[in-house]
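Trainee: Mind having a look at this structure? Questions to follow.
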Amino acid sequence: MTNTRLRTYIMHVEDLPGVLNRVTSLFRRRGYNIDSLTVGRTEVPAVSRMTIVMEADDDAARRIEANLYKLVNVLKVEDTTRRPCVTRELALIKVRADQARRAHVLQLAEVFRARVIDIAPEAMIFEITGTRDKIEGLAGVLAEYGIVEMVRTGAVAMLRSAGAEAEVQEQPRTSAA
Amino acid sequence: MRTGAQILWEALHREGVEVVFGYPGGAIMPAYDALLESPIRHVLVRHEQGASHMADGYARVSGKVGVAIATSGPGATNLVTGIATAMLDSVPLVCITGQVSSKFIGSDAFQETDITGVTLPITKHNYLVTNVDDIAKTIREAFYVARSGRPGPVLVDITKDAQQASTVPVWSDEPVRMRGYRPEHRAGSEDLSRAAELIDRAKRPVILAGHGIVKAEASKLLRAFVDKTGIPVASTLLGLGGFPATDPLALGMMGMHGESWVNHAIQEADLLIALGMRFDDRVTGKLDTYAVNAKKIHCELDPAEINKNVRADVALVGDVRDTLESLLGLVARNDHGSWLARISDYKGDSAVRDIQTMPHDGRLFAAHVMHDLWRITEGKALVVTDVGQHQMWEAQYYKHDHPRKLVTSGGLGTMGFALPAAIGAKFASPKDEVWVIAGDGGFQMTACELATIAQEGIKLHIAIINNGYLGMVRQWQQFFYNGRYSATPLKSPDFVKLADAHGLDGLRVTKRDEVEWAVERARASEGTVLIDFRVEQEDSVYPMVPSGAALHDMIRRPNPIVETAGDE
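Residue numbers (this note's numbering), protein chains in the order written: chain A, 1 to 177; chain B, 1 to 568.
Shown next, in the form of structure tokens:
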């Protein structure tokens, strides 16, 4: 194993029933463990976008990409590992905080630029977006006050360079039948 | 207006389909009703597994797409073994299954199975069609996906209501456009030059010829490449016939039951040129001891195979025929006399360990049958084997000089494959003399297809290599499990009577000097003849590289044979 690390793939897939299953089935079958996966619509009709984070070495990463391309519904795969890219996750964190401690907790959240989206007599909910490190940083300091529950999305990623979407548009290609 | 069922058959007809193999049932009944008006021939199988194997045998021999058809639920799941077999050997199939009406999907209706879910990891692609308007387009796509790029099986599940509904079909002659599917690759010119340089510099090169040579119809180019470079050719099991086995530069089969000199040559090589093969574990033995001094040029259509098992120094991703054509123009004329002489030295005492040259003591060994079959049929038969010891003996002793004359389940190793696959092979090439070679175990897995042979009135030649054991497992038990024969002794029906019960002829052979008589009688007969060869019961396939051992670490046949007779 060389260069094993967390890798983030951006995939454009056809928005059809069962496509998510095809993608996850491939990872399962080849024995790769998905760290996080998000799916959503894009600006292009009938095209969904997935961001998949997983651990792999260089060889495995290249083969995963090649295997993903073998799925008929997969339009484009980008391994962002060595490319300039922004990555964000979102988390909602419900913290135990009565009136006496509320001000203190709010101060901490301020440092992380988390937003308050609900306040109840005994608890409050923060919304935070950012990198995994940032979210884990906030969760770490809030843990002292007692996290009632936390929900996190996986990562979403986007390459910094322009033109990535244009390439997807060029995908259709004919072949002699 | 046409019904979905009528559109289905017309779509198949437009793809050039002449024969399909199938079995009717509730959810596919509209299609079977419309079949009566179609010019396509339907072969009624006795079990749907037979349908997918027949379509597979048909595809391997014809180079076209094989078609199997079944109903929903158990009909569809019975296809699964044949689909997985085709997937691992990259055989183009289109399997059509009926599905319960769309309003019942997900309700656990009678004979409902999520067959697109079940076959997701063992198909190249699959479709669920619930709308009659999608049938024509989907069938066209399915054939295109099945045969293009690295071929494979595609399943199309069509609901009963889609078969029954009517529409005005839209037929297209435009090339298929699928924006997410790009099967074509071409090796880069820089990589080709690097490969040519390695080939010209090599002192001990070996070509590893795989199934890709057969599939890409690249035999003639390989011939030309070998004539120019003088490089010897080792074959994978599925590559046999891709290069003439009787050519002086043909080394024979590599791998677990490869010839000893082939495996030694690979281990000592300074360059391996892999053509349309994927370095399966049965071919490489222990990976970190595999051809450690050799540079590797990997010519392969599927980029996902590059660096999967063996690291390539140069990867030429593309159709192996295009790649060979390009390389042929780049490499220098060469010969490798001293390297060939060295490989000959490896043959050493192989000849005296060969059953053919051992003193004839009246006993009948499976190898005798294979050798005699090859001799009597002058190497021209189309042989379809099952899986196990007889398969390896066939590979060693039946010398295939032409591609598509050996049909065998390599990747999946599917017992029960031979009989149905041979029926498909016969439909693909009716003029060929087709021999089924099967063990007594595997034959019984799909023996019901004898009735299909009788009903279709086709002529096959069936050789059962009957040793009263599940022989390959018995051999492993002998070598690696202290001779503890767990569930391998096998009592079989009287195969001669079984043939007779199907209205076919049966013969029994127990001695070597009866082989020729029986084979000639089978050939002369009008109809299918089954020969029950009662062979030496506890013979083993040699050489053998134990699973996980280095490729040069082979168990050899004791010399002479009498030693084994005592041991066993």
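Backbone N, C-alpha and C define an ideal beta-carbon position, used for all residues, glycine too. As the structure is a computational prediction, the values presented were derived from the model and not from experiment.
(1) Check whether the Cβ atoms of Gly73/B and Thr446/B lie closer than 8 Å to each other.
(2) If Val384/B and Ala421/B are in contact, beta carbons under 8 Å, what's the gap, nearest whole angstrom?
(3) Have a look at the DSSP bridge pairing and note the partners of Val292/B.
(4) What are the residues of the region 124 to 148 of chain A that lie near chain E, defined by any Cβ-Cβ distance shorter than 9 Å?
(5) Use the C-beta contact count for Ile10/A: other C-beta atoms within 10 angstroms, 16 or more gives buried, fewer gives exposed.
(6) Let's test the definition: count the other Cβ atoms within 10 Å of the Cβ of Ile117/A and tell me whether it reaches 16, buried, or not, exposed.
(7) Quick one: list the residues of chain A neighbouring Tyr569/B, beta-carbon separation under 8 Å, in chain order.
(8) Per DSSP, Asp15/A is paired with what?
(9) Name the residues in the region 175 to 201 of chain B whose C-beta lies less than 9 Å from a C-beta of chain A; which are they?
(10) Do Tyr346/B and His371/B have their C-beta atoms within less than 8 Å of each other?
(11) Got a sec? Which residues, its chain only, sit under 7 Å from Asp35/A by beta carbon, not counting five neighbours each side?
(12) What residues from chain B crowd round Ser25/A, counting only those whose CB sits closer than 8 Å?
(13) In its own chain, which residues sit with a C-beta less than 7 Å from the C-beta of Ala291/B, not counting the 5 before and 5 after it?
(14) Give the single residue among Arg186/B, Ser540/B, Thr289/B whose Cα lies nearest to the Cα of Gln477/B.
(15) Would you say Asp98/A and Glu136/A are within 8 Å of each other, going by their C-beta atoms?
(16) Where does the unbroken alpha helix (DSSP H) through Lys426/B begin, and where does it stop?
(17) Gln444/B to Gly416/B, Cα distance in whole Å?
(18) Residues of chain A with CB under 7 Å from Pro303/B, in chain order?
(19) Can you give me the start and stop residues for the beta strand (DSSP E) that Lys94/A sits inside?
(20) Could you list the residues in the region 58 to 91 of chain A with a C-beta less than 8 Å from some C-beta on chain B, going in chain order?
(21) For Pro172/A and Gly180/B, what's the separation of their Cα atoms in angstroms?
(22) Give a yes or no on whether the C-beta atoms belonging to Glu449/B and Leu419/B are separated by under 8 Å.
(23) Please confirm if Asn3/A has its CB atom under 8 Å from at least one CB of chain B.
(24) By the three-class DSSP mapping on this structure, what secondary structure does Ala315/B have?
(25) What does DSSP give as the partner residue(s) for Arg115/A in the beta ladder?
(26) Let me know the secondary structure DSSP gives Pro493/B once reduced to three states.
(27) What first and last residue would you give for the beta strand (DSSP E) that runs through Thr97/B?
(28) With distances taken between CB atoms, is the gap from Arg278/B to Asn559/B smaller than 8 Å?
(29) Using beta-carbon positions only, say whether Gly241/B and His53/B come within less than 8 Å of one another.
(30) Please report the Cβ distance between Asp494/B and Asn467/B, rounded to the nearest whole angstrom; I am assuming they are in contact, meaning their Cβ atoms lie under 8 Å.
(31) Let me know if Asp281/B comes out buried or exposed under the rule of 16 or more other beta-carbons within 10 Å of its beta-carbon.
(32) Less than 8 Å between CB atoms is the rule here; does His13/B satisfy it with respect to chain A?
(33) Looking at chain B, is there any beta carbon in it that lies within less than 8 Å of the beta carbon of Asn33/A?
(34) For Ile158/B versus Ile135/B, is the C-beta spacing smaller than 8 Å?
(35) Please look up how many angstroms separate the CB atoms of Val65/B and Ile40/B, rounded, as I've assumed it's under 8 Å.
(36) Who does Ile207/B pair with in a DSSP beta bridge?
Mentor: The structure says:
(1) no
(2) 5 Å
(3) DSSP output for Val292/B lists no bridge partner at all.
(4) Absent from the structure: chain E. Protein chains present are A and B.
(5) buried
(6) By the Cβ-count criterion, Ile117/A is exposed, with fewer than 16 other Cβ atoms from all chains shown falling within 10 Å of its own Cβ.
(7) Missing from the structure shown is residue 569/B; chain B here goes from 1 to 568 and no further.
(8) In DSSP, Asp15/A forms no bridge with anything.
(9) Pro175, Val176, Arg177, Met178, Arg179, Gly180, Tyr181, Arg182, Pro183, Glu184
(10) no
(11) Leu6, Val53, Met54, Glu55
(12) Simply Leu120, Pro121.
(13) When the five nearest sequence neighbours on each side are left out, the beta carbons in the same chain lying within less than 7 Å of the beta carbon of Ala291/B are those of Ile266, Gln267, Ala269, Leu272, in order along the chain.
(14) Ser540/B
(15) no
(16) DSSP places Lys426/B inside the alpha helix (DSSP H), whose first and last residues are 418 to 428.
(17) 7 Å
(18) Under a criterion of Cβ atoms nearer than 7 Å, the residues of chain A adjacent to Pro303/B are, in order, Ala66.
(19) 85 to 96
(20) Result list: Asp59, Arg62, Arg63, Ala66, Asn67, Tyr69, Lys70, Leu71, Val72, Asn73, Val74, Leu75.
(21) Its pLDDT being 34, under 50, Pro172/A is placed unreliably by the model, and the measurement read from it follows with that caveat. Answer to the nearest angstrom: the Cα atoms are 7 Å apart.
(22) yes
(23) No, its Cβ sits nowhere closer than 8 Å to a Cβ of chain B.
(24) strand
(25) Glu127/A
(26) coil
(27) 93 to 99
(28) no
(29) Their beta carbons are not under 8 Å apart, which means Gly241/B does not touch His53/B by this criterion.
(30) In fact, because the Cβ distance is near 16 Å, the residues do not count as touching under 8 Å.
(31) exposed
(32) It does not: the Cβ of His13/B has no partner Cβ on chain A nearer than 8 Å.
(33) no
(34) The answer is yes: Cβ separation under 8 Å.
(35) In fact, because the Cβ distance is near 13 Å, the residues do not count as touching under 8 Å.
(36) Val233/B, Ile273/B
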